[in-house]
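Heads up: the structure comes next, in structure tokens.
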Amino acid sequence: MGTLDQPPPTNPQEPRQRSGCVTAIMLTLGIILLLPGLMCAVLIVAAGDSGRDPFTPVVMFIALGGVALIVWALSRK
Numbered sequence: 346m347g348t349l350d351q352p353p354p355t356n357p358q359e360p361r362q363r364s365g366c367v368t369a370i371m372l373t374l375g376i377i378l379l380l381p382g383l384m385c386a387v388l389i390v391a392a393g394d395s396g397r398d399p400f401t402p403v404v405m406f407i408a409l410g411g412v413a414l415i416v417w418a419l420s421r422k
């Protein structure tokens with residue numbers, strides 16, 4: 346028979362370390378994805394266009410993905 350007087354051993358889980366390499370890769374990819382959206386916005390403002398080109402929403406969604414990737418990389422713990 347075992348003794349019930351001893352509490353079970355505890356394994357404190359250490360917080361996971363953030364990998365600097367993965368964070369740098371995510372930031373780099375996020376910036377690369379962000380650049381087409383910024384260039385598209387600059388061209389819309391410079392040309393005085395209303396952005397009715399069919400590719401504008403696609404490019405903006407790609408840029409939004411870049412922003413999301415940057416935010417995710419910086420908020421990872």
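In this note's numbering, the protein residues as written are 346 to 422. Don't be surprised by glycine CBs; every beta carbon is placed ideally from N, CA and C.
Residue from the options with nearest C-alpha to residue i
{"i": "Leu409", "options": "Val387, Ile389 and Leu383", "result": "Leu383"}
{"i": "Asp398", "options": "Ile407, Ala391 and Cys385", "result": "Cys385"}
{"i": "Arg421", "options": "Thr355, Thr368 and Pro352", "result": "Thr368"}
Three-state secondary structure assigned by DSSP to residue i
{"i": "Gly393", "result": "coil"}
{"i": "Thr355", "result": "coil"}
6 angstroms Cβ shell around residue i - same chain, five flanking residues per side excluded
{"i": "Met371", "result": "Leu414 and Ala418"}
Residue i and residue j closer than 7 angstroms at C-beta
{"i": "Gly411", "j": "Gly365", "result": "no"}
{"i": "Pro381", "j": "Val404", "result": "yes"}
{"i": "Leu388", "j": "Ile407", "result": "no"}
Cβ-heavy atom distance, residue i to the ligand FAD, below 6 angstroms
{"i": "Ile415", "result": "By its list of ligands, the structure shown contains no ligand whatsoever, and the ligand FAD lies outside what it can speak to."}
Limits of the alpha helix (DSSP H) - the one that residue i falls within
{"i": "Phe406", "result": "Thr401 to Ser420"}
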